[in-house]
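Just so we're aligned, residue 68 is where the sequence shown starts under the working numbering, counting upward by one.
Each residue gets a CB set at the ideal place from its N, CA and C atoms; glycine is no exception.
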Amino acid sequence: MAHKEYGVTDILDILRRIRAGDSIRRSAKATGMDRKTIGNYLRIAAEHGFCESVAEELLPELAAAVFRTVHGTGRKSASSPAACAPLIPHRDLVAHWLEKKGLTLTKAYIKLERMGVAVSYSSLYRYAREEFGFGGPKVTVRMAETEPGEVAQVDFGRMGLVFDPETGRQRVLHALVVTLVMSRHQYVYLTHRQDLDALIAGIEEAWEAFGGVTRRLILDNMKAAVVKSDRYEPVFNRTFQEYSQHRGFIIDPAPARHPEAKGCVENQIKYVRDNFFAGEAFTDRDHAQRAARLWCRTTAGLRLHGTTRKRPLVAEWW
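In structure tokens, the structure reads:
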């Protein structure tokens, strides 16, 4: 079997998991990385000052230091100045997006990708941080350290047909449901597509609605984010992995690790379809989305949940 080479993003993912309290075994199972390789990375990282109490903002530099130690200084990592070179001709445009229009870095990355600009998310983040002072403590508002803010689960589910003004015909509408596992409070994002752009956009709206980011996000073999679905060696979409590192949550591909979450989203998809979508006459996707936001805060948020026997929107249960 050929030796698999890991980059800075992969090493950073391991450091974040260990810092969050995951064991080497659990980290290996979640990422598919060999335990000996993880142990070697952690040994090198420790030599550079890594420990479980290290500040989150120092982890990217530690990951880069591990990469340089393993591969030598001649190799260019994803966050090297050369990797940011494709962004230089678009400096003013990126500045306009971030500073004038107030776009998120994720949206800026998506727009650059559509323009054919070949650059990684981490390189864009580094460039924006150095050129415009982007980033800092305000990027992520962490939810409660206790269990209620610990885990969210996300999945797509088919709702039905809705008129699409862009094509002039009926199109299938999907719901991206982000559910806080402990409380069952949820956010519903509606889209005609089940791709990476829709996934990130929906999760971003959920974080805004929840008022923070959970520490873990469970993805149950979602095609938009999981390149290779494997219980022992999953492979995540690189852009989504970089997005998770920027936003500060850990991707968890195995719902079985959280027994309380098992079946949570699958049941929620049916609940959203039956209780929110069925029987309605939405004029288009935007009309349905406005109704979904209200429904999440009222009907769904204030119901007495059959399993928890609590109302999801009760603040102390978030």
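Extent of the continuous beta strand (DSSP E) to which residue i belongs
i	result
Ala219	218–231
Asp319	317–319
Range of the contiguous alpha helix (DSSP H) that encloses residue i
i	result
Asp101	Note, Asp101: premise wrong, no alpha helix (DSSP H); not H, not E.
Asp341	Per DSSP, Asp341 belongs to no alpha helix (DSSP H) and is neither H nor E.
Asp159	158–162
Thr306	305–314
Ile78	75–86
Pro127	126–138
Arg357	352–362
Minimum Cβ-Cβ distance from residue i to chain C less than 8 Å
i	result
Ala291	Note that chain C does not occur in the displayed structure, where there is just one protein chain.
Residue i vs residue j beta-carbon contact at 8 Å
i	j	result
Ile285	Asp319	yes
Ala276	Tyr254	yes
His313	Leu172	yes
Thr246	Gln356	no
Ile78	Ser94	no
Val184	Val339	no
Asp351	Phe230	yes
Ala152	Leu165	no
Val186	Ala130	no
Exposure label - residue i; buried when at least 16 CB within 10 Å
i	result
Gln308	buried
Thr98	buried
Gln237	exposed
Ala328	Note that Ala328 scores a pLDDT of 44, beneath 50, so its modelled location is shaky; the value from the coordinates is reported in the next line. Ala328 comes out buried.
Met182	exposed
Arg251	buried
Arg282	buried
Leu179	buried
Ile317	buried
Pro232	exposed
Cys118	exposed
Leu371	exposed
Ser146	The predicted model places Ser146 with a pLDDT of 47, which falls under 50 and marks its position as unreliable, so this point remains unresolved.
Ser90	exposed
Ile155	exposed
Phe134	buried
Ser311	buried
Met210	Because the pLDDT at Met210 is just 44, under 50, the model does not fix this residue reliably, and the point stays unresolved.
Asp80	buried
Ala367	buried
Lys337	exposed
His163	exposed
Lys96	buried
Ala122	exposed
Going residue by residue through the segment 221–285, where are the continuous alpha helix (DSSP H) segments of at least 4 residues, counting only ones entirely within it?
As far as the segment 221–285 is concerned, its whole alpha helix (DSSP H) runs of at least 4 residues are 263–277.
Answer yes if the segment 178–190 comes into contact with the segment 219–229, meaning at least three C-beta pairs across the two stretches below 8 Å, and no otherwise.
No, they do not touch.
Counting beta carbon pairs with one atom in the segment 120–128 and one in the segment 78–95, are three or more of them shorter than 8 Å?
They touch, by the three-pair rule.
Touching by the beta-carbon criterion (3+ pairs, under 8 Å), the segment 226–234 and the segment 333–348
Three or more pairs of CB atoms, one per stretch, sit closer than 8 Å, so the segment 226–234 contacts the segment 333–348.
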